[in-house]
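Chains as they are written, first to last, in this note's numbering: chain Z, 1 to 260; chain D, 261 to 432.
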């Protein structure tokens, strides 16, 4: 029997109610309903039922999304919980190993990263991944145009900044560029060490938080260390172990603080 | 597919998940607890998800499984208890008084359906899942879905008919 002359089944009638009937079956079903008024009445009742249910439940989708159901918040919380477990474990080691020194470490690292910090790291890592991957032209202005770059970036982000000198840490300045983020332009300075590892320093004003201490943030494919000073966000990103990155970030912070 | 586009698609499904969960509990906080657990589970399992599977059907499957495993343990509101936000249905949602009553009666009818029929009716009529997707979400054969749908709709028609409100007659 072909699709058009097969007798009308209960399934056909529901498919008709749900607008799921294949077009070639439609004439057959419609004819059947014309010829069977009781069935037509039943189908009309199902269709009405469907519409009333949809209307009655339309406003049951809950309105504004509570924070605890926001997937981005759930992800951020999960990452924080994971890190806190690590840090709790690390604390035990440090407390035993270093005695009183552990308290200072705890103060700085256990506070969960505010969302402004996570946003900074996310944007910095995204730009880091795109631009450092370019072996030939990773920067717009190279090391020989350091002052031009500093002027250009400072003008565009409306914040006076110059690439810090990280040669004492083994990283040579190779240039910089302006980077794009959802929250506006950012300045990006790139460095490279003897082994060819590239590190970027990312500067973006207009942070939603006025100040935040250095916080390491996990990320894919790598993490970063970020901090905020007077609404200006700084991030250091490099594919190196978290501890080493934290150390480099502190060095960058020290150099930037001492420039004024 | 990137993880961020997956998360966006999950986000788009949340209103539907909250609506469906609400019909399971008729209580907003209980419903959101289930949605919360569902999202946590989904984000954990995101990397195991097959790219070709529809995100919405996948989320409903997770939620259904959670509901089945949790519900028998903590049946949060006995179905005989007055619905805590029943008055809202009548009071806050109506474009007209008549529609409010119509909706309330329909939701009451829905409440009286056996759970297995109610899920099928809702997933198909309200959430626009296909018959095959509904079968996958509930973990039953498609023939079972069709018979539950037929029985559920007919029962709902009888309930709302026997309430015999003028408003309902108008719709028929």
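Just so you know, even glycine gets a beta-carbon here, dropped at the ideal spot from N, CA and C.
Query	Result
Around the Cβ of residue 279 of chain D, are there at least 16 other Cβ atoms within 10 angstroms (buried) or fewer (exposed)?	buried
I'd like to know whether the C-beta of residue 120 of chain Z is nearer than 8 Å to at least one C-beta of chain D.	no
Measuring CB to CB, does residue 32 of chain Z end up less than 8 Å from residue 26 of chain Z?	no
Would a C-beta distance cut-off of 8 Å place residue 269 of chain D and residue 300 of chain D closer than the cut-off?	no
Using a Cβ-Cβ distance cut-off of 8 Å, determine whether residue 292 of chain D contacts chain Z.	yes
Looking at the structure shown, is residue 399 of chain D part of a helix, part of a strand, or coil, going by DSSP?	coil
Could you please tell me which residues of the segment 295 to 311 of chain D, in chain order, have their CB closer than 9 Å to any CB of chain Z?	295, 296, 299, 300, 302, 303 and 304
Hey, would you say residue 198 of chain Z sits closer than 8 Å to residue 184 of chain Z, going by beta carbons?	no
With three or more beta-carbon pairs closer than 8 Å as the criterion, would you say the segment 407 to 424 of chain D touches the segment 315 to 331 of chain D?	no
For residue 175 of chain Z, which three-state DSSP category applies?	strand
Under 8 Å between the Cβ atoms of residue 236 of chain Z and residue 164 of chain Z?	no
What is the DSSP secondary structure of residue 229 of chain Z, reduced to helix, strand or coil?	strand
What are the start and end residues of the beta strand (DSSP E) that includes residue 139 of chain Z?	Looking at the DSSP string, residue 139 of chain Z is not in any beta strand (DSSP E), and its letter there is neither H nor E.
Since residue 271 of chain D and residue 71 of chain Z are thought to touch, with beta carbons under 8 Å apart, how far apart are those beta carbons, to the nearest angstrom?	5 Å
Label residue 393 of chain D either buried or exposed according to how many other C-beta atoms from any shown protein chain fall within 10 Å of its C-beta, with 16 as the threshold for buried.	buried
Taking 8 Å as the threshold (beta carbon to beta carbon), is residue 374 of chain D in contact with chain Z?	no
Grab the span of the alpha helix (DSSP H) containing residue 186 of chain Z for me, first residue to last.	Residue 186 of chain Z -> not in any alpha helix (DSSP H); beta strand (DSSP E) instead, spanning 184 to 193.
Indicate whether residue 365 of chain D and residue 306 of chain D have their beta-carbon atoms separated by less than 8 Å.	no
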